[in-house]
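As they're listed, the protein sequences go chains P and D. The first sequence lines up with residues 17 to 252 when you count with my numbering. The second sequence lines up with residues 17 to 252 when you count with my numbering.
There are 2 protein chains.
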Amino acid sequence: MAYELYYWPTIQGRGEFVRLALEEAGADYIDAARESEGVAVMMRMMQHAEHPPFAPPFLKDGDTIVGQTAAILLYLGARHGLAPKDPAGGLWTHQIQLTISDFVAEAHDTHHPVGVGLYYEDQKTEALRRAAEFRDNRIPKFFHWFETILARNPSGNGHLVGKTLTYVDLSLFQVVEGLSYAFPKATARALKRAPLVTALHSAVTERHRIKAYLESPRRIPFNEEGIFRRYPELDG
Amino acid sequence: MAYELYYWPTIQGRGEFVRLALEEAGADYIDAARESEGVAVMMRMMQHAEHPPFAPPFLKDGDTIVGQTAAILLYLGARHGLAPKDPAGGLWTHQIQLTISDFVAEAHDTHHPVGVGLYYEDQKTEALRRAAEFRDNRIPKFFHWFETILARNPSGNGHLVGKTLTYVDLSLFQVVEGLSYAFPKATARALKRAPLVTALHSAVTERHRIKAYLESPRRIPFNEEGIFRRYPELDG
Numbered sequence: 017m018a019y020e021l022y023y024w025p026t027i028q029g030r031g032e033f034v035r036l037a038l039e040e041a042g043a044d045y046i047d048a049a050r051e052s053e054g055v056a057v058m059m060r061m062m063q064h065a066e067h068p069p070f071a072p073p074f075l076k077d078g079d080t081i082v083g084q085t086a087a088i089l090l091y092l093g094a095r096h097g098l099a100p101k102d103p104a105g106g107l108w109t110h111q112i113q114l115t116i117s118d119f120v121a122e123a124h125d126t127h128h129p130v131g132v133g134l135y136y137e138d139q140k141t142e143a144l145r146r147a148a149e150f151r152d153n154r155i156p157k158f159f160h161w162f163e164t165i166l167a168r169n170p171s172g173n174g175h176l177v178g179k180t181l182t183y184v185d186l187s188l189f190q191v192v193e194g195l196s197y198a199f200p201k202a203t204a205r206a207l208k209r210a211p212l213v214t215a216l217h218s219a220v221t222e223r224h225r226i227k228a229y230l231e232s233p234r235r236i237p238f239n240e241e242g243i244f245r246r247y248p249e250l251d252g
Numbered sequence: 017m018a019y020e021l022y023y024w025p026t027i028q029g030r031g032e033f034v035r036l037a038l039e040e041a042g043a044d045y046i047d048a049a050r051e052s053e054g055v056a057v058m059m060r061m062m063q064h065a066e067h068p069p070f071a072p073p074f075l076k077d078g079d080t081i082v083g084q085t086a087a088i089l090l091y092l093g094a095r096h097g098l099a100p101k102d103p104a105g106g107l108w109t110h111q112i113q114l115t116i117s118d119f120v121a122e123a124h125d126t127h128h129p130v131g132v133g134l135y136y137e138d139q140k141t142e143a144l145r146r147a148a149e150f151r152d153n154r155i156p157k158f159f160h161w162f163e164t165i166l167a168r169n170p171s172g173n174g175h176l177v178g179k180t181l182t183y184v185d186l187s188l189f190q191v192v193e194g195l196s197y198a199f200p201k202a203t204a205r206a207l208k209r210a211p212l213v214t215a216l217h218s219a220v221t222e223r224h225r226i227k228a229y230l231e232s233p234r235r236i237p238f239n240e241e242g243i244f245r246r247y248p249e250l251d252g
């Protein structure tokens with residue numbers, strides 16, 4: 017039976033980390049909220065499920081519903097060879113994903129520092145300050161951490177964990193994609209000091225299934241409703 | 017061999033979720049950064065470990081180092097009977113913890129909406145706006161979600177998962193403690209509409225080991241350096 021992924025149908029957002037894993041795995045899945053009436057079905061499931069997800073994305077696999085991006089990837093990674101099989105390796109991979117989740121939340125908050133209930137235009141003054149802090153301190157700090165992990169991987173510096181691709185390689189690719197869209201100047205500066213991150217991003221782009229996905233209509237273009245938004249005043 | 021927990025020695029912070037699990041389990045552990053030179057040891061481990069944690073807390077168990085609060089609890093829960101043994105139950109418990117992590121991050125950002133690199137006093141204007149949004153919309157939304165999960169637990173509404181205590185019950189207890197300290201008025205209002213959350217909080221307070229811990233010097237009092245800070249101007 018095909019997986020059903022539920023996520024907002026017009027943005028990449030957090031759902032994109034799950035889409036990339038499903039695509040790389042060649043898994044049979046439906047991007048269910050993009051089907052007719054899909055959002056209404058998603059909202060009903062969030063209301064009525066025995067295990068209601070707090071927010072999208074969530075994945076339905078038969079009778080199982082899994083929410084929280086990192087938990088979905090933990091679930092999929094083990095089933096599709098996108099994570100190490102040994103428990104310690106699996107947990108380390110998950111730990112990296114949780115750190116990526118923190119980074120993504122901070123990227124989101126650059127345009128919503130006051131809260132998700134208000135429009136960007138109503139919190140622009142605060143956003144200018146938060147984005148400066150994010151550009152100057154947080155992007156370099158996170159990139160340095162990824163660069164360090166790649167350099168220390170005993171199996172080689174082409175992957176974050178082990179000697180083959182895992183879901184965190186895909187997630188780091190997506191973070192670089194998103195930041196390059198939202199903060200092209202600041203991200204280009206940070207990537208200059210992170211050659212291993214840059215190389216991993218390029219290598220993922222060239223993977224057969226990812227390349228096909230990125231060129232397909234299944235890949236939603238970045239836009240100003242998602243997590244990574246291009247507001248030129250926030251870059252610099 | 018005793019576990020070694022590494023976390024900032026003067027605050028409850030994110031480390032407290034781990035401390036509570038270790039205490040309830042009756043596990044042998046050292047709160048290692050509170051020992052002499054402990055912070056220096058912690059900083060060196062973050063610099064030099066093969067699997068460097070991005071930030072505290074992290075747990076050392078022999079040669080294994082696990083970072084990220086939710087990942088540490090996933091690791092401990094399975095070893096100490098603080099999570100269901102079946103994979104689906106374990107993942108659901110973890111999903112709840114990840115949602116608690118999101119809630120805690122939002123609580124933190126009420127006093128640091130611009131960024132962690134600046135003092136509260138330098139972002140007070142922004143904090144006033146963010147705290148209002150958090151009090152009026154986010155606390156009620158998260159509490160409603162916890163209340164719903166408790167009500168739908170097929171094993172009874174005394175626990176978030178199953179019929180015995182799990183680490184997420186302890187974490188929800190800690191969230192209620194922290195919010196009651198930081199936002200006493202707003203939290204009292206929210207608790208009135210969440211009787212099952214209120215009852216769970218009380219029940220955890222009465223647990224033998226937790227009660228002993230809370231009365232011991234091992235429990236650091238809340239203060240204005242942690243995640244939950246009492247700034248009266250942010251409550252209301």
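For every residue, glycine included, the Cβ atom is placed at its ideal position computed from N, Cα and C.
Helix, strand or coil, according to DSSP, for residue i in the structure here?
{"i": "Glu20/D", "result": "strand"}
{"i": "Leu36/D", "result": "helix"}
{"i": "Thr180/P", "result": "coil"}
{"i": "Lys157/P", "result": "helix"}
{"i": "Asp118/D", "result": "helix"}
{"i": "Asp47/P", "result": "strand"}
{"i": "Asp185/D", "result": "helix"}
{"i": "Asp79/P", "result": "coil"}
{"i": "Phe150/D", "result": "helix"}
Could you work out which residues of chain P lie near residue i, taking near to mean beta carbons separated by less than 9 Å?
{"i": "Gly29/D", "result": "Ordered by position in chain P, no residue passes the 9 Å Cβ test against Gly29/D, which lies about 15 Å from the chain."}
{"i": "Glu20/D", "result": "Ordered by position in chain P, no residue passes the 9 Å Cβ test against Glu20/D, which lies about 17 Å from the chain."}
{"i": "Asp185/D", "result": "Chain P residues near Asp185/D: none, gap ~16 Å exceeds 9 Å."}
With 16 as the cutoff for other CB atoms within 10 Å, does residue i come out buried or exposed?
{"i": "His64/P", "result": "exposed"}
{"i": "Thr203/P", "result": "buried"}
{"i": "Pro97/D", "result": "The sequence given here has Gly at residue 97/D, not Pro. The residue in question, Gly97/D, is exposed, as its Cβ has fewer than 16 Cβ neighbours within 10 Å."}
{"i": "His67/D", "result": "buried"}
{"i": "Thr182/P", "result": "buried"}
{"i": "Arg245/D", "result": "buried"}
{"i": "Glu249/D", "result": "exposed"}
{"i": "Val132/D", "result": "exposed"}
{"i": "Glu39/D", "result": "buried"}
{"i": "Asp102/D", "result": "exposed"}
{"i": "Ser273/P", "result": "Nothing about residue 273/P can be reported from this structure: the residues present for chain P run from 17 to 252 only."}
{"i": "Ala56/D", "result": "exposed"}
{"i": "Arg95/P", "result": "exposed"}
{"i": "Pro69/P", "result": "buried"}
{"i": "Glu137/D", "result": "exposed"}
{"i": "Pro200/D", "result": "exposed"}
Which residues in chain D sit within 7 Å of residue i, going by Cβ to Cβ distance?
{"i": "Phe70/P", "result": "Thr115, Trp161"}
{"i": "Val82/P", "result": "Leu107, Gln111"}
{"i": "His67/P", "result": "Trp108"}
{"i": "Leu86/P", "result": "Sequence check: residue 86/P is Ala here, not Leu. Residues of chain D passing the Cβ test: Leu114."}
{"i": "Ala334/P", "result": "The question about residue 334/P has no answer here: the residues shown for chain P are numbered 17 through 252."}
{"i": "Asp77/P", "result": "The contacting residues do not exist; Asp77/P stays about 10 Å from chain D at best."}
Residues of chain D with CB under 9 Å from residue i, in chain order?
{"i": "Phe273/P", "result": "Outside the shown range of chain P, which is 17 to 252, sits residue 273/P, and nothing can be said about it."}
{"i": "Glu142/P", "result": "Pro129, Val130, Gln139, Thr141, Glu142, Arg145, Arg146"}
{"i": "Asp251/P", "result": "Per Cβ cutoff of 9 Å: no residues; Asp251/P is ~16 Å from chain D at best."}
Taking C-beta pairs closer than 8 Å, name the residues in chain P that residue i reaches, listed in chain order.
{"i": "Asn153/D", "result": "Gly131, Gly133"}
{"i": "Ala202/D", "result": "Under the 8 Å cutoff, chain P gives no residues; its nearest Cβ is about 14 Å from Ala202/D."}
{"i": "Ala49/D", "result": "Per Cβ cutoff of 8 Å: no residues; Ala49/D is ~19 Å from chain P at best."}
{"i": "Asp44/D", "result": "Within chain P, no residue comes near Asp44/D; the closest Cβ sits about 21 Å away, beyond 8 Å."}
What residues of chain D sit near residue i, judged by a beta carbon separation below 8 Å?
{"i": "Tyr91/P", "result": "Leu107"}
{"i": "Ala104/P", "result": "Thr80"}
Give the residues of chain P in contact with residue i, contact being defined as C-beta atoms less than 7 Å apart.
{"i": "Arg11/D", "result": "With chain D running from 17 to 252 in the structure shown, residue 11/D is simply not present."}
{"i": "Thr164/D", "result": "Pro68"}
Given 8 Å as the limit, is there contact between the region 70–81 of chain D and the region 33–49 of chain D, that is, 3 or more CB pairs closer than that?
-> With a cut-off of 8 Å, the region 33–49 of chain D and the region 70–81 of chain D count as touching, because enough Cβ pairs lie within range.
Inspect the CB distances between the region 146–166 of chain P and the region 111–129 of chain P and report whether three or more fall short of 8 Å.
-> yes
Should the region 218–237 of chain P be called in touch with the region 17–25 of chain D, which here means at least 3 C-beta pairs below 8 Å?
-> no
Is it true that the region 176–189 of chain D meets the region 204–224 of chain D, where meeting means three or more beta-carbon pairs spaced less than 8 Å apart?
-> yes
Please determine if the region 221–231 of chain P and the region 45–59 of chain D are in contact, where contact requires at least 3 C-beta pairs separated by less than 8 Å.
-> Touching, no, given that fewer than three Cβ pairs across the two stretches are closer than 8 Å.
Given 8 Å as the limit, is there contact between the region 116–135 of chain D and the region 90–108 of chain D, that is, 3 or more CB pairs closer than that?
-> The region 116–135 of chain D makes no contact with the region 90–108 of chain D, as fewer than three CB pairs between them are under 8 Å.
Counting Cβ pairs closer than 8 Å, one from the region 77–92 of chain P and one from the region 48–58 of chain D, do we hit at least three?
-> no
Let me know the alpha helix (DSSP H) ranges lying completely inside the region 81–115 of chain P, each 4 residues or longer, listed in chain order.
-> 85–95
Runs of beta strand (DSSP E) lying entirely within the region 162–231 of chain D, each at least 3 residues, in chain order = none
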